[in-house]
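Participant:
Residue numbers (our numbering): 6 to 114.
So, in structure tokens, the structure goes:
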């Protein structure tokens with residue numbers, strides 16, 4: 006778990022090597038930022054880094070009904086779905102969460 010930002014200019018990550026990343030639930034804003042690579046928050050930056058490094062990433066996107074109706078939502082989900090090492094775990098509706106059993110069962114190992 007990261008508790009401090011990397012020190013500017015050091016080039017040294019404070020994170021241990023990861024074998025997978027599991028952001029859950031991942032909000033409307035975080036999903037859209039991740040799809041665009043906008044690593045401007047403490048939560049989104051390490052997820053973008055993991056995707057950039059090819060680390061298997063299991064995202065559980067969640068948006069309310071009104072935000073799930075925004076055109077950016079579907080575009081972001083399509084973009085993330087095209088990344089080979091990113092798995093999107095979604096519920097029965099575009100705004101819903103899958104059951105926890107389905108999320109846990111989808112994780113390797």
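Built from N, CA and C at the ideal position, the CB exists for glycine as well.
Going by alpha carbons, who is nearest to residue 84 out of 26, 30, 42?
Facilitator: Among 26, 30, 42, the Cα nearest to that of residue 84 belongs to 42.
Participant: Is DSSP giving residue 105 helix, strand or coil here?
Facilitator: Residue state, collapsed to three classes: helix.
Participant: Using a Cβ-Cβ cutoff of less than 7 Å, which residues in the same chain neighbour residue 77 once the five nearest sequence positions on both sides are dropped?
Facilitator: Within the same chain, residue 77 has close Cβ partners 37.
Participant: Where are the beta strand (DSSP E) runs, 3 residues long or more, that stay fully inside the region 12-95, in chain order?
Facilitator: The region 12-95 contains these whole beta strand (DSSP E) runs: 62-64, 91-93.
Participant: Here's the rule: buried if 16 or more other CB atoms are within 10 angstroms of the residue's CB, otherwise exposed. What is residue 112?
Facilitator: Exposed, because fewer than 16 other Cβ atoms sit within 10 Å of the Cβ of residue 112.
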